[in-house]
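Working notes, beginning with the structure itself.
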Amino acid sequence: MLVNAKEAVLEELFDQYIEQLHMNCKCSRCREDVLALALNAVKPQYVTDESKLTYIKAELVDKQKNTSMLVTLAEAARKVNDNPLCESNRKGRK
Ligand SMILES: [Zn+2]
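When we follow full-length UniProt numbering, the leftmost residue of the sequence shown carries the number 1, and every step to the right adds one.
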């Protein structure tokens with residue numbers, strides 16, 4: 001198993017803080033766009049076994065490091081809000 005631990009951590013933080021990120025649209029496309037932008041902005045951290053993944057998740061979700069991850073997420077959410085790529089959002093606007 002090869003997993004980018006940052007992906008798991010960002011997904012978890014995203015779900016946890018989605019209300020505070022003030023997303024205009026929370027469809028799967030917009031969520032993926034936010035995660036993609038955030039993931040491109042951070043260094044990947046690959047792990048090969050699940051116990052390590054659980055450990056890294058616990059570390060990052062609890063500690064100060066998650067502040068910078070949240071800033072990254074907020075920045076990504078803002079970009080997607082400014083320029084949503086999903087269909088439903090485009091139709092909803094003029
Ligand atoms: Zn959307």
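The beta-carbon is built from N, C-alpha and C at its ideal position, and this holds for glycine as well. From a predicted model like this one, the values you see are computed outputs, not experimental measurements.
Residue i, DSSP secondary structure in three states
i     : result
Val71 : helix
Leu21 : coil
Cys30 : helix
Leu85 : coil
Val42 : coil
Those residues which DSSP pairs with residue i across a bridge
i    : result
Val3 : Val47
Residue nearest to residue i in terms of C-alpha spacing, selected from the options
i     : options                       : result
Tyr17 : Asn4, Ala5 and Val34          : Val34
Leu10 : Cys25, Asn81 and Glu75        : Glu75
Ala38 : Glu19, Glu12, Leu2 and Glu87  : Glu12
Asn4  : Leu21, Cys27, Cys30 and Lys52 : Lys52
Glu28 : Asp15, Val47 and Leu70        : The sequence given here has Ser at residue 28, not Glu. Ranking Asp15, Val47 and Leu70 by Cα distance to Ser28 puts Asp15 first.
Met69 : Glu87, Val42 and Glu19        : Val42
Residue i burial status per 10 Å Cβ neighbour count (16 or more: buried)
i     : result
Lys94 : Residue placement at Lys94 is poorly supported in this model, since its pLDDT is 45, which falls under 50; the coordinates are not used for a value here.
Thr72 : buried
Asn24 : exposed
Arg77 : The sequence shown places Ala at residue 77, rather than the Arg named in the question. When all chains shown are included, Ala77 counts as buried.
Asn66 : buried
Pro44 : exposed
Residue i CB to nearest heavy atom of ligand 1 below 7 Å
i     : result
Arg29 : yes
Pro84 : yes
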